[in-house]
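Chemist: Please see the structure below; I have some questions.
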Amino acid sequence: MIHQPQSSSSSSTNGPQQQPPPLPPNRHSIPYLGQLRNNSNGSNGSFNELTTTSIDLLQSPTSQQQQSSIMMMMMMNENNNNNNNNSNLNNKNIDEPIMNGSMNGMIKLSSNESSSFDHVDNKDQEIKLLEQQPTTSVNNNHGDDNDDDNNIPVVYGELVILGYNGCLPQGEKGRRRSKYQLQRRSRANGIKKSKHYTVKQPQTSKAIQDKEQHSISFTLSRSQAIIVEYQHDDDTDMFQIGRSSESPIDFVVIDTLMFEQQQQQMQLQQQQLQNRCLQSVQNGNIMSSSSSASSGSSLLQPSIKVAQQSTISRFACRILVDRRPPYCARIYAAGFDSSKNIFLGEKATKWQTNGEIDGLTTNGILIMHPKQSFLDNKWNNNNCQNDNDDDLEQKSLRYNGGNSSGAVWREVSVCGEIYSVRETRSASQKGIRIEQETNVLQDGTLIDLCGATLMWRSSDGLYRSPTKRLLEEMIDQLNASRPQCPVGLNTLVIPRKSISLGSADDKQPYVYLKCGHVQGLHDWGQNKHSNSRTCPMCFKSGPIVRLTMGIEPSFCTSSLMPNFAFNPCGHMASESTVKYWSKVLIPHGTNGFHAMCPFCAQPLQQAELGFVKLIFQ
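Residue numbers for the sequence shown follow full-length UniProt numbering, beginning at 1 and rising by one.
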């Protein structure tokens, strides 16, 4: 029997209001919406309440006979919108909390309502699947161009320039960026070797003159050259890196400047702008705001003189990636120009082996594969048992010019073969062929273009790396602890972005590089005759530097807290990150190597460890 609901007046006079039924076992974390509104008129609840009631009804722990009765009732109400079936429905076994009393309060679920609920459920399932599966090439198991149902791009990996903390100082613009993501192209543009032959005049050959034909010309003498033709490959995508801004270059890279050099260049450009404006005012030619703004923007761009002094090749290298899993990426020296040609002059290093010809570019393309995984699990376990031995080994290898990370720099040829590095960067004699190593990029492989160093991060490595949001949350967590300066007793706030050298802030934290104590900027213990200061906590004298978070996640080797800082730049990072980069020696100059901070490209302190542990008050 179906009972009529109690009115609000009767509930208030006859005792406490009846409590809603208990939650089903699978809905304890969700508010129960299965009870219809009680009112004196016996009217139905809202649409959401009614439809949710039917769903809760099916999810509630009822018997099979009750569930079959409910389903039959819903089907009958879907086909009959009137109340002609009241007599048949009264004979069914329905629980009290399910119905609202009157026949007008029975559950009705139309076909439109049912389809809309199915649509919502499907959308929720799709969203959950997208959250569980990252947008990377790892999740794509097909090689066809149209295998992505949701038009999700297949990400091969990412190239990141060392020395930039998340973005370029002058902003990310077009192909001139701090990092470049390699995605599968809509149409394959890869190439593969077709044939090679000897000609007397390469400039007049058909392959060189054909702008649709990829070819490499190896000049042996004035009257002899070998041309290698390439044909289209449907199974690979090609990406090119270089200093040129022409259309064949996908990722434009110029020489990387250290943070101080960037600041000095910006200050010099601003001073030039002020002098130009002052000179115009003195001459009576007052510039308008638009013209001065355009002049200022032009001065902030890299000058032509700087570009001419660059040691990076205009068409430095090319990367070919398989369009099918596992999406292997291979790097080759030299890139094709706008005419789809590569020219190796008579003085370029080249050789012939078993009927095949190969060569090296002028300054060469160096690569270094990591000896072990870039994201090493041992760093996530706070494994620091042998810190002293590790530090002594690091000092010894750095003084002897070795690479304490265990990895070795190699040179890649135009055809993708691996050789030992030359005595100097542009020496005419090639190195020794390394048969055991390949040009296949690994997660953490470094690529040096002689002026800028890139890092290759695979899609799987990026998925397992910390995100920028996680790094920002770590900063918020450190700031939430409200660290204080022991001298000024003011609260310190770690900034998320790099601040110009000229700005000053009482909340800006500084670190004493000798001991690691973090304090504010004050005059206590300052040595007027040198740049050193005495720490008021431990009385050790040494330089200080402002703290800045290393916010580029591609350089982080773990998701641990940034309790360390690079010496002498002050970029904060986790223990594993500072230890990793302090052991990696980056090419510098013609034949030099040094460890540097990946966030600003500043060389690390050679006399010290290259990093310091932070001590907050």
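The beta-carbon is built from N, C-alpha and C at its ideal position, and this holds for glycine as well. What you are looking at is a predicted structure, and each value in this text was computed from that prediction instead of being measured.
(1) Go to D476, then tell me how far its alpha helix (DSSP H) extends in each direction, as first and last residue.
(2) Any idea which residues DSSP pairs Q526 with across the strands?
(3) So, is K192 buried or exposed, given that buried needs 16 or more other C-beta atoms within 10 angstroms?
(4) In chain order, what are the residue ranges of uninterrupted beta strand (DSSP E) at least 3 long that sit wholly in the UniProt domain "Pellino RING" (478-617)?
(5) Could you tell me whether the Cβ atoms of A207 and I227 are closer together than 8 Å?
(6) For a test of your reading of the model: does the CB of K579 fall under 7 Å from any non-hydrogen atom of the ligand ATP? Yes or no.
(7) Starting from the C-beta of K613, find all residues in its chain whose C-beta is less than 7 Å away, skip the five residues before and the five after it, and write them out in chain order.
(8) Return the bridge partner residues of residue 634 from the DSSP annotation.
(9) Can you tell me the Cα-Cα spacing of I319 and Y327, whole angstroms?
(10) Between the segment 199-219 and the segment 154-169, are three or more C-beta pairs nearer than 8 Å?
(11) Check whether the segment 355-366 touches the segment 436-456, counting contact only when three or more Cβ pairs, one atom from each stretch, lie closer than 8 Å.
(12) To the nearest angstrom, how far is the alpha carbon of Q429 from that of I615?
(13) Using the three-state DSSP reduction, which class does L441 fall into: helix, strand or coil?
(14) Quick check: the Cα distance between I161 and I357, rounded to an integer number of angstroms?
(15) In this structure, what does DSSP give as the bridge partners for S420?
(16) Who pairs with D358 in a beta bridge, going by DSSP?
(17) Could you work out which residue in V253, G190 and Q213 is closest to D237 when comparing CA atoms only?
(18) Which of helix, strand or coil does DSSP assign to R330?
(19) Roughly how many angstroms separate the alpha carbons of G431 and R422, rounded to a whole number?
(20) Is the Cβ-Cβ distance between N490 and D476 less than 8 Å?
(21) Can you tell me the Cα-Cα spacing of S373 and A480, whole angstroms?
(22) Helix, strand or coil: how does DSSP classify G174 here?
(23) Please state if the CB of Q617 and the CB of P483 are separated by a distance shorter than 8 Å.
(24) When you compare only the Cα positions, how much space is there between Y230 and E212?
(25) Does DSSP put T236 in a helix, a strand or coil?
(26) Starting from D460, trace the alpha helix (DSSP H) in both directions and tell me its first and last residue.
(27) Mind reading off the beta-carbon distance from A407 to M455? Whole number of angstroms is fine, and I expect it under 8 Å.
(28) Excluding five sequence neighbours on each side, which residues of the same chain lie with their C-beta closer than 7 Å to the C-beta of S247?
(29) Quick one: Cα of T590 to Cα of A427, how far?
(30) Can you tell me where the alpha helix (DSSP H) holding Q209 begins and where it ends?
(31) Using DSSP with H/G/I as helix, E/B as strand and the rest coil, what is T453?
(32) Strictly by DSSP, which residues pair up with P317?
(33) Go through its chain and collect everything with a Cβ distance to N91's Cβ below 7 Å, but skip five positions before and after it.
(34) Taking only the alpha-carbon atoms, compute the straight-line gap between V584 and Q508 and give it to the nearest angstrom.
(35) Going by the DSSP bridge assignment, what does N341 pair with across the sheet?
(36) Mind checking who L446 pairs with in its DSSP beta bridge?
Modeler: The structure says:
(1) Position 476 of the sequence shown, counting from 1, holds the residue named residue 476. Secondary structure note for D476: its alpha helix (DSSP H) is the uninterrupted segment K468 to A480.
(2) As a working note, residue 526 is residue 526 in the sequence shown. As DSSP reads the structure, Q526 sits in a beta bridge with R533.
(3) To locate residue 192, count along the sequence shown from 1; it is residue 192. Classification of K192: exposed, given that the 10 Å Cβ count is below 16.
(4) The beta strand (DSSP E) runs of length 3 or more contained entirely in the UniProt domain "Pellino RING" (478-617) are, from start to end of the chain, 510-512, 544-546, 564-566, 571-573, 586-588, 592-594 and 611-613.
(5) For the purposes of this step, residue 207 is taken as residue 207 along the sequence shown, with counting starting at 1. For the purposes of this step, residue 227 is taken as residue 227 along the sequence shown, with counting starting at 1. The beta carbons of A207 and I227 sit closer together than 8 Å.
(6) No copy of the ligand ATP occurs in the structure displayed, which carries no ligand at all.
(7) Numbered from 1 along the sequence shown, position 613 holds the residue referred to as residue 613. Excluding positions up to five away in sequence, the list reads G516, N563 and F564.
(8) Outside the shown range of the chain (1 to 617) lies residue 634, about which nothing can therefore be said.
(9) Counting from 1 along the sequence shown, the entry for residue 319 is found at position 319. Counting from 1 along the sequence shown, the entry for residue 327 is found at position 327. The alpha-carbon atoms of I319 and Y327 are separated by roughly 12 Å.
(10) By the Cβ criterion, the segment 199-219 is not in contact with the segment 154-169, since fewer than three pairs of Cβ atoms, one from each stretch, lie closer than 8 Å.
(11) Enough Cβ pairs lie closer than 8 Å, so yes.
(12) Indexing the sequence shown from 1 puts residue 429 at position 429. Indexing the sequence shown from 1 puts residue 615 at position 615. About 51 Å.
(13) Looking up residue 441 in the sequence shown gives position 441. For L441, the three-state secondary structure derived from DSSP is coil.
(14) Residue mapping note: residue 161 aligns to position 161 of the sequence shown, counting from 1. Residue mapping note: residue 357 aligns to position 357 of the sequence shown, counting from 1. Separation of I161 and I357 (C-alpha to C-alpha, rounded to the nearest whole angstrom) is 31 Å.
(15) Residue 420 sits at position 420 when you count from the first residue of the sequence shown. DSSP links S420 through a beta bridge to R410.
(16) In the sequence shown, the residue the question calls residue 358 occupies position 358. According to DSSP, which records beta bridges pairwise, D358 is partnered with W351.
(17) Taking the first residue of the sequence shown as 1, we reach residue 237 at position 237. Closest by alpha carbon: G190.
(18) Counting from 1 along the sequence shown, the entry for residue 330 is found at position 330. In the three-state reduction of the DSSP assignment, R330 falls in the strand class.
(19) Counting from one through the sequence shown, the residue named residue 431 turns up at place 431. Counting from one through the sequence shown, the residue named residue 422 turns up at place 422. Each residue's alpha carbon lies about 5 Å from the other.
(20) Stepping through the sequence shown from its first residue, residue 490 is reached at position 490. Stepping through the sequence shown from its first residue, residue 476 is reached at position 476. N490 is not a Cβ neighbour of D476, given a cutoff of 8 Å.
(21) Locating residue 373 in the sequence shown gives position 373, where the first residue counts as 1. Locating residue 480 in the sequence shown gives position 480, where the first residue counts as 1. S373 and A480: Cα-Cα distance of roughly 33 Å.
(22) In the sequence shown, counting from the first residue as 1, residue 174 sits at position 174. Coil, per DSSP.
(23) Residue numbering aside, residue 483 sits at position 483 when the sequence shown is read from its first letter. Residue numbering aside, residue 617 sits at position 617 when the sequence shown is read from its first letter. Contact flag set, yes.
(24) Stepping through the sequence shown from its first residue, residue 230 is reached at position 230. Stepping through the sequence shown from its first residue, residue 212 is reached at position 212. Each residue's Cα considered, the two are about 10 Å apart.
(25) Within the sequence shown, numbered from 1, the residue matching residue 236 stands at position 236. DSSP, reduced to helix, strand and coil, places T236 within a strand of the structure shown.
(26) Stepping through the sequence shown from its first residue, residue 460 is reached at position 460. Element bounds for D460: S459 to R464.
(27) Here residue 407 corresponds to residue number 407 of the sequence shown, with the count starting at 1. Here residue 455 corresponds to residue number 455 of the sequence shown, with the count starting at 1. A407 to M455, Cβ: 13 Å. No contact.
(28) Locating residue 247 in the sequence shown gives position 247, where the first residue counts as 1. Excluding residues within five positions, the ones whose Cβ falls inside 7 Å are S338.
(29) Taking the sequence shown and counting its residues from 1, the one referred to as residue 590 is at position 590. Taking the sequence shown and counting its residues from 1, the one referred to as residue 427 is at position 427. Rounded to the nearest angstrom, the two C-alpha atoms are 10 Å apart.
(30) Mapped onto the sequence shown, residue 209 falls at position 209. Residues K206 to Q209.
(31) The count along the sequence shown starts at 1 and reaches residue 453 at position 453. Here T453 sits in strand by DSSP.
(32) Mapped onto the sequence shown, residue 317 falls at position 317. In the sequence as presented, Pro is not what sits at residue 317; that position holds Cys. Note: C317 sits in a beta bridge opposite I241 and A333.
(33) For this step, residue 91 is matched to residue 91 along the sequence shown. Low per-residue confidence applies at N91: pLDDT is 43, beneath 50, and the placement is therefore not dependable, though the value from the model is reported in the following sentence. Within the same chain, N91 has no close Cβ partners at all.
(34) Residue numbering aside, residue 584 sits at position 584 when the sequence shown is read from its first letter. Residue numbering aside, residue 508 sits at position 508 when the sequence shown is read from its first letter. Rounded to whole angstroms, V584 and Q508 show a C-alpha spacing of 30 Å.
(35) The residue given as residue 341 occupies position 341 in the sequence shown. DSSP lists S215 as the beta-bridge partner residues of N341.
(36) Start at 1 with the first residue of the sequence shown, and residue 446 comes out as number 446. DSSP output for L446 lists M368 and M455 as bridge partner(s).
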